[in-house]
Each structure stands twice: as C-alpha cells, then as structure tokens.
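Trainee: Can you read through this structure? Questions will come right after.
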Amino acid sequence: NAGVTQTPKFRVLKTGQSMTLLCAQDMNHEYMYWYRQDPGMGLRLIHYSVGEGTTAKGEVPDGYNVSRLKKQNFLLGLESAAPSQTSVYFCASSPSGGAAQYFGPGTRLTVT
Amino acid sequence: GEDVEQSLFLSVREGDSSVINCTYTDSSSTYLYWYKQEPGAGLQLLTYIFSNMDMKQDQRLTVLLNKKDKHLSLRIADTQTGDSAIYFCAVLQGGKLIFGQGTELSVKP
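First to last, the sequence lines map onto chains C and U.
Our numbering numbers the first residue of the first sequence as 3 and each following residue consecutively.
Our numbering numbers the first residue of the second sequence as 5 and each following residue consecutively.
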C-alpha cells in the first residue's frame, strides 16, 4: 500500500495564479483532511471531509476550496494565490473521526 | 477552543532520556497523540493514549497523562541521533485534531 500520496511535491506560483493539489489514499478511509504547516504554528486544519461527496471548513478555510468526488481522492484548490499562502500543505486520512490520522509527505508551495 | 502548547526546543546527549511536554486546555479531549516529523517529511504517528489511561509504554517510548493538570509527556529512553526530529502533540477534540507548535529535539553525539 502506498498510504497517502500528494501531488505535486513542490510548486512555485505567482500571485493571482490558480492551482490544485491532489491527495490520494489507498486505505479505504472515510475521513480526509488538508492542513497547512507554518513555522512555529504547528498544523492548522484548512478543510476536511467525512465521506465521499462531503466537505467542511476547518480553522483556516479562506482562500481555499476542496472537493471529494471519489472516496480515495481529496483535492485542494487555490483560485487566486497570495503570498500568505506560501506554506507546506499536508493531507491526511483516517478511518473515522476518532481514529489516528495518517499523513502524506507534503507539498511545499511558494507564492511570489 | 482547544489550545495545545509545547516548548519549541529540547537538546539532549545521545544515550540520555528525552522528555517532551505538552499542555492542553479542554478536559473533554478523548484521544491524545504524539507524531514525529523528520526534515522534509510528513508526520509519522508514534503513539497515542486514551484519556482514561495514565500511562502507556511502547518499547523506548513512554507516554504519561495527567488529566488533572491537563499535561501530556513523551519520554524517549536511550535517545539516539536518529531520534532528532520535531515532535508534535495532538489532541482530539470535536472530531478534529488540534496540534501543538512542535518541539524540535536535537540529539548530540
């Protein structure tokens, strides 16, 4: 099993450009999550999904959109990138809301 | 909402024990986790403890939970240079994980 994978690993965007980050998991987990990690701030939840076709806002959802069209995939979109969105983005999945989360390797995004 | 706090840095000598501390504010938290992040990598689940437990041991790792003081600690026995990483405490609250800022553990030979 590959576990949780993320595409791409690195990306540089100019302000105002758009992009989509892809997360895939092969563990048949119901729940999926997107976090951002900034120095000295731990991980902050952006959006999450409790099952195929559902999404919900986390702690810092502004400027991001998500979709969960298939159970195994969770997409994070930036419609108009801003320098404040420079960060490392992690996807995670878990079998249920009370279970441990398993993380992907991360995507390092720089917005200039 | 839930607040989770950790000290930012810890430095130990190889072979010593490391103790990483975490405090949280919400006493209704059910599961508490420790994750390890090596440079350039994602978070790896190390261990977890249920809120009705005081202690959990797993090889070199010992987790202690003091519910009265809302204090969680991770002890790593016989710390090795390969243990150098950032360690995150995370608390499950309302179905979501709330993370501390992470403690960077530096192990000197």
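Glycine included, C-beta positions come from ideal geometry on N, C-alpha and C.
Could you work out which residue in T7/C, S98/C, Q87/C is closest to R38/C when comparing CA atoms only?
Mentor: Sequence index remark: in the first sequence, residue 38/C carries index 36 (1-based). Of T7/C, S98/C, Q87/C, the residue nearest in Cα terms is Q87/C.
Trainee: Would you identify the three-state DSSP class for S86/C, choosing helix, strand or coil?
Mentor: For the purposes of this step, residue 86/C is taken as the residue at position 84 of the first sequence. It is helical.
Trainee: Taking a Cβ distance cut-off of 9 angstroms, strictly less, list which residues of the segment 31 to 42 of chain U are near chain C, in chain order.
Mentor: Answer in chain order: T34, Y35, Y37, Y39, Q41.
Trainee: Taking all protein chains shown into account, decide if L23/C is buried (16 or more other Cβ within 10 angstroms of its Cβ) or exposed.
Mentor: Sequence index remark: in the first sequence, residue 23/C carries index 21 (1-based). It is buried - the Cβ of L23/C has at least 16 other Cβ atoms within 10 Å.
Trainee: Should M43/C be flagged as near chain U, meaning a C-beta pair shorter than 8 angstroms?
Mentor: The count along the first sequence starts at 1 and reaches residue 43/C at position 41. Chain U, which has a Cβ nearer than 8 angstroms to the Cβ of M43/C, makes this yes.
Trainee: Run down chain C in chain order and give the residues with a C-beta less than 7 angstroms from the C-beta of A45/U.
Mentor: Taking the first residue of the second sequence as 1, we reach residue 45/U at position 41. Residues of chain C passing the Cβ test: P107.
Trainee: Measure how close the beta-carbons of L47/U and Y39/U come, nearest whole angstrom, since I'm counting them as under 8 angstroms.
Mentor: Working through the second sequence from its first residue, we reach residue 47/U at position 43. Working through the second sequence from its first residue, we reach residue 39/U at position 35. Rounded, the Cβ-Cβ distance is 4 angstroms, consistent with contact.
Trainee: Check each candidate in T114/C, E54/C, S82/C and name the one with the smallest Cα separation from G18/C.
Mentor: Position 16 of the first sequence holds residue 18/C. That would be S82/C, whose Cα lies nearest to the Cα of G18/C.
Trainee: Buried or exposed for V23/U, please, with buried defined as at least 16 other CB atoms from any protein chain shown within 10 angstroms of its CB.
Mentor: As a first step, residue 23/U must be located in the second sequence, where it is residue number 19. Flag for V23/U reads exposed.
Trainee: Go ahead and label G108/C buried or exposed: buried means 16 or more other beta carbons lie within 10 angstroms of its beta carbon, across all protein chains shown.
Mentor: Taking the first residue of the first sequence as 1, we reach residue 108/C at position 106. Per the 10 Å Cβ criterion, buried.
Trainee: Pop quiz: V68/C and R46/C are said to be a contact at Cβ under 8 angstroms. What is the actual Cβ separation, rounded to whole angstroms?
Mentor: To locate residue 68/C, count along the first sequence from 1; it is residue 66. To locate residue 46/C, count along the first sequence from 1; it is residue 44. That belief does not hold up - the Cβ atoms of V68/C and R46/C are roughly 15 angstroms apart, past 8 angstroms.
Trainee: Rounded to the nearest angstrom, what separates K112/U and A81/U at their Cα positions?
Mentor: Translated into the one-based positions of the second sequence, residue 112/U becomes position 108. Translated into the one-based positions of the second sequence, residue 81/U becomes position 77. C-alpha separation (whole angstroms): 15 angstroms.
Trainee: The segment 65 to 94 of chain U: which residues have C-beta closer than 7 angstroms to a C-beta of chain C, in chain order?
Mentor: If the cut-off is 7 angstroms between Cβ atoms, the segment 65 to 94 of chain U has F92 near chain C.
Trainee: Leaving aside the five residues before and after D20/U along the sequence, list all residues of the same chain whose C-beta is less than 7 angstroms from its C-beta, in chain order.
Mentor: Residue mapping note: residue 20/U aligns to position 16 of the second sequence, counting from 1. The residues are T83.
Trainee: Buried or exposed, going by whether 16 or more other CB atoms sit within 10 Å of the CB of Q8/C?
Mentor: The residue given as residue 8/C occupies position 6 in the first sequence. So Q8/C counts as buried.
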